[in-house]
Each structure stands twice: as structure tokens, then as C-alpha cells.
Amino acid sequence: MWGRANMAAVIFLLGWLCVFSRAEASNSEVTLADAEAETILERAATWLWSQRDKDASWGNDTHRVLLVLRLANLSGDDNVAPPAPLELQLIAKQMELEIVLLLWRHREGFSPVQLARYTLALNAMCMDPRQFHGHDLIGTLQHHDPSTDYDFALTTLAACSAQAHVRKRQMRRLLDIANAAQDHNVDTIAMLILALRCIVQDHRHRNLHHIVRKPSMELARQQRHDGSFGDLRNTVLVMQALEEVENEPADNWNRSAALTWLINQQQPDGSFHGNVHATAEAMLGVAPRGLASIRALDCGQGLSDNSPPRLTTNNSCPLPLDCLPTDARILGHIAP
Numbered sequence: 112m113w114g115r116a117n118m119a120a121v122i123f124l125l126g127w128l129c130v131f132s133r134a135e136a137s138n139s140e141v142t143l144a145d146a147e148a149e150t151i152l153e154r155a156a157t158w159l160w161s162q163r164d165k166d167a168s169w170g171n172d173t174h175r176v177l178l179v180l181r182l183a184n185l186s187g188d189d190n191v192a193p194p195a196p197l198e199l200q201l202i203a204k205q206m207e208l209e210i211v212l213l214l215w216r217h218r219e220g221f222s223p224v225q226l227a228r229y230t231l232a233l234n235a236m237c238m239d240p241r242q243f244h245g246h247d248l249i250g251t252l253q254h255h256d257p258s259t260d261y262d263f264a265l266t267t268l269a270a271c272s273a274q275a276h277v278r279k280r281q282m283r284r285l286l287d288i289a290n291a292a293q294d295h296n297v298d299t300i301a302m303l304i305l306a307l308r309c310i311v312q313d314h315r316h317r318n319l320h321h322i323v324r325k326p327s328m329e330l331a332r333q334q335r336h337d338g339s340f341g342d343l344r345n346t347v348l349v350m351q352a353l354e355e356v357e358n359e360p361a362d363n364w365n366r367s368a369a370l371t372w373l374i375n376q377q378q379p380d381g382s383f384h385g386n387v388h389a390t391a392e393a394m395l396g397v398a399p400r401g402l403a404s405i406r407a408l409d410c411g412q413g414l415s416d417n418s419p420p421r422l423t424t425n426n427s428c429p430l431p432l433d434c435l436p437t438d439a440r441i442l443g444h445i446a447p
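Note that the working numbering gives residue 116 to position 5 of the sequence shown, counting from 1, and the numbers run on in steps of one.
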């Protein structure tokens, strides 16, 4: 009798030891992955800062770089958004000028996708796109539904990130895409998941959590033997989407393999393909916060952050204002 009891106790203890060992191994993998992601971000950010034009911008990619540098400087665990580092505030002024010129030149015909990307960057910087120098950019965006499903999911994500209510016709189209996930490209499914993960943060749509299960499972099955999901753009987009899904496909895709593939794509100088656009996109795949979490940012605290800003440069300009294009002063806030 005692022998059986002792044996049962030993088996019980061994079982718990296995559980603890697996948990410890899992935590070690997470820590290593976080360190690798941080290394990717630091090297890529250093390269991006070295690629600025004479006007301290990144040309047509300024909004992309601003967005990813902002998200990379935020905490993945805390929704309170500290004030942006001065360097990013100056870049935001440059982007504001770009948007004003866009609205002025294209009062009727403009790209909803381009406007969506600008509004995502504004939201990440805690700048309200619904009150942009007298323009409601989100209202404008919601009156132009793109024809392609990928672009539609992106513009819906941008509107959702600004706390805008997603309309019924938009929800119906998203649900149609989700129900036919197997018929869509990888990038479309990934953007759909990001849009839905943003939408379910609205208390009116919290019952839609289960909708992302089917497309996320379909997406996880697309991972290749080398760890990627195709090209660089698709891979980082899928990584971001699957990270947003709460443990649904955790056992169905290999994040470590995807991260290893991404590391192998990074060039010795820190860039991806030697291209600003590609490098900014790649950083989004490993940033602490992704596109779907912009809506949750708490921008009303007005707290000062005592920790030094990450992934910024303090050596590019003798004085902060030297980095600001003269034309940007027409937007106010910063005196000449």
C-alpha cells in the first residue's frame, strides 16, 4: 500500500517537474526572441536615421518611418503613451506639412490608402486626425471604400484606430472576407486580422473575438519551411497579425523560425534590401506594439516619461530646430 502511494507521489512530482521545465524553456525562448527583436530594431533604426534627406525627412516614406519609430518607442505592456521624443515631434511637423499639401493639391481625387497611412501615424503620435487643421480626415476616409479587400481592411483599421465607429456595411464586408479566408492572399488575411483585432476593442463588437479564429488558422498554415510567409512584406505583416491573436494559432506557427528568417534578411548595415520602405515595414514585424494596438493608446495622461527615448538619434543636428524644414513652420507650434 505504502509502495503504491509513494510511487503515485513520485509520478505526481515528476509530472510537475515536466510542467515547470517546459514553462522555463518557454520563458527562455521568449526572452531570447525579445532580445533578437530588439537587436533588429536597433540596427534598423540606426540605418534609418542615417538615410534622412537634407530636409530631415525620408521623402515619401516619412510617415512610415515616423509610425514605426513611435511604436518601437512605446511599451507593449502599458497603454499610457508618454510624450514623443523631440526628434519624432519634429518629424511629425514635416508629415503635417505633407498632409496639408496633399489635401490642397488633391481636393477631390486622392488615395484613401495614402490617407489611411497618414492617419495611422497621426494616431500613433496622439494627434487627432478628426481635427487636422480644420479637416476631418477620418470622415473623409470613411466616405471612400477602396475596391480591393486589402486596401479596404487597411482603411478600416485606420478609422478604427481613431476610435471611429465601424459601420454595418463595413462590418459585413470584413466578415465576408473572414469567411472566405482561403480565397484571399496572405497580406489581405493579415490586414483583415489587424482590422478585426482593433474593432473588437470597441465594447459594441467584443462578441466578435471568435471571428478571427478561422482566418488566423488559415494564415498560420501558410508558413513555409524556411520560416517565412513568402516575401519580406508578407512575412512581417503576418508576424504582426498572428502576434495580435490571443494564443489561437500559437501552436500552429513557429515565431522563432520567422524571426530567424527575418534576421537573415537584415543586411550588415542594418537595412532590409537597402530600402527605407522595406526597412520600416520590417521593423513593424518586431516592434513592441503593432498597428492593431494603436486604438488602445491612452493619450490623455500628459505624463512625463523619465526613461530615455529609444531608437532615436541625438547626433544628427547641432540643435533640434536645425532638423526642422523651414516650410514646416507654417503649421505653427514651433516658432522660427
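Backbone N, C-alpha and C define an ideal beta-carbon position, used for all residues, glycine too.
For A301, the enclosing alpha helix (DSSP H) covers residues 297-310. Sorting D313, D262, R317 by C-alpha distance to the C-alpha of H295 places D262 at the top. DSSP lists V191 as the beta-bridge partner residues of D409. Collapsing the DSSP output to three states places H246 in a strand. Contact annotation: D298 and L348 have beta-carbon atoms nearer than 9 Å. Leaving aside the five residues that flank H276 on each side, the residues in its chain whose CB is nearer than 8 Å to its CB run, in chain order, D313, R315. When secondary structure is reduced to three states using DSSP, Q378 falls in the coil class, being assigned neither helix nor strand.
Rounded to whole angstroms, the gap between the alpha carbons of L307 and R154 is 31 Å.
With contacts defined by Cβ atoms closer than 9 Å, L402 and C309 form a contacting pair.
If you look at F383, you'll find it isn't in any alpha helix (DSSP H); DSSP assigns it neither H nor E.
Just so you know, the alpha carbons of G170 and M206 end up roughly 10 Å apart. The beta carbon of A192 lies closer than 8 Å to those of L185, C237, L408, D409, C410, Q412 in the same chain, with the five residues before and after it left out. Look at G170 here: in three-state DSSP terms it is helix. In this chain, L319 is not harboured by any alpha helix (DSSP H), its DSSP state being neither H nor E. Fully contained in the region 218-282 are the following alpha helix (DSSP H) runs of length 4 or more, in chain order: 223-235, 248-253, 260-272. Taken atom to atom, the span from the alpha-carbon of L159 to that of N386 is near 9 Å. The Cβ neighbour count for S327, taken over all protein chains shown within 10 Å, is at least 16; the residue is labelled buried. Annotation: the continuous alpha helix (DSSP H) that includes V349 extends over 343-355. With respect to E354, R366 sits close: the two C-beta atoms are nearer than 9 Å. For P326, the secondary structure class from DSSP, reduced to helix, strand or coil, is helix. Distance check between A235 and each of A273, S168, L373, T267 places A273 closest, using alpha-carbon atoms only. In summary, W215 is exposed, with fewer than 16 beta-carbon neighbours lying within 10 Å of its beta-carbon over all protein chains present. When DSSP states are grouped into helix, strand and coil, V179 belongs to the helix group. Straight across, the Cα-Cα distance linking A144 with I300 is about 25 Å. For L185, no alpha helix (DSSP H) run applies, since DSSP gives it neither H nor E. Nearest to T390 by C-alpha distance, out of A167, D172, E147, is D172. One Cα belongs to D189, the other to T346, and the distance between them is close to 26 Å.
Cβ neighbours of A352 within its own chain (closer than 6 Å, five residues either side excluded): A301, I304, L305.
Of I374, N318, K325, the smallest CA-CA separation from G338 is found for I374. Q377 has its alpha-carbon roughly 8 Å from the corresponding atom of H384.
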